[in-house]
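Have a look at the structure below before the remarks.
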Amino acid sequence: MTSCGNEPLFKDGKGCGSCYQIRCVSAGHPACSGVPETVIITDMNYYPVSRFHFDLSGTAFGAMAKDGRNDELRHAGIIDMQFRRTPCMHGA
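Residue numbers for the sequence shown follow UniProt numbering, so the first one is 1 and each next one is one higher.
What follows is the structure in structure tokens.
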């Protein structure tokens, strides 16, 4: 799954291709499953919403939702998340 990252994640292109394990925080939205997903940074997000910002693909957004609530989470807009850098497992 893909995501754009703001400057601290994209790093003038040096962060392109880096992987992050992300999960939405249940307290931030009732549709959040809390189950971590992995995304790869593929582009720069120029809109500085917060210190670290992931502009997720619709697939990545929906994957973090509880069963049957992916559309609800996809349309939530900005949500609270936790993240950490992780090794990429391309093709795994």
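Note that the Cβ used here is the ideal one computed from N, Cα and C, for glycine as well.
A quick note: this is a predicted structure, and the numbers were derived from the prediction, not measured.
Alpha-carbon spacing of Glu37 relative to Ala60, whole angstroms: Between the alpha carbons of Glu37 and Ala60 lies a gap of roughly 8 angstroms.
C-alpha gap between Ile79 and Arg23, whole angstroms: For Ile79 and Arg23, the distance between alpha carbons rounds to 10 angstroms.
Exposure of Ser50, with buried meaning 16 or more beta-carbon neighbours within 10 Å: Exposed is the call here.
Asp67 burial status per 10 Å Cβ neighbour count (16 or more: buried): Classification for Asp67: exposed.
As assigned by DSSP and simplified to three states, the class of Ser18: Three-state result, Ser18: coil.
Own chain residues within Cβ distance below 6 angstroms of Phe83, not counting five before or after: Cβ within range, chain order: Tyr20, Ile22.
Bridge partner(s) assigned by DSSP for Val35: In the DSSP output, where bridge partners are listed per residue, Val35 has none listed.
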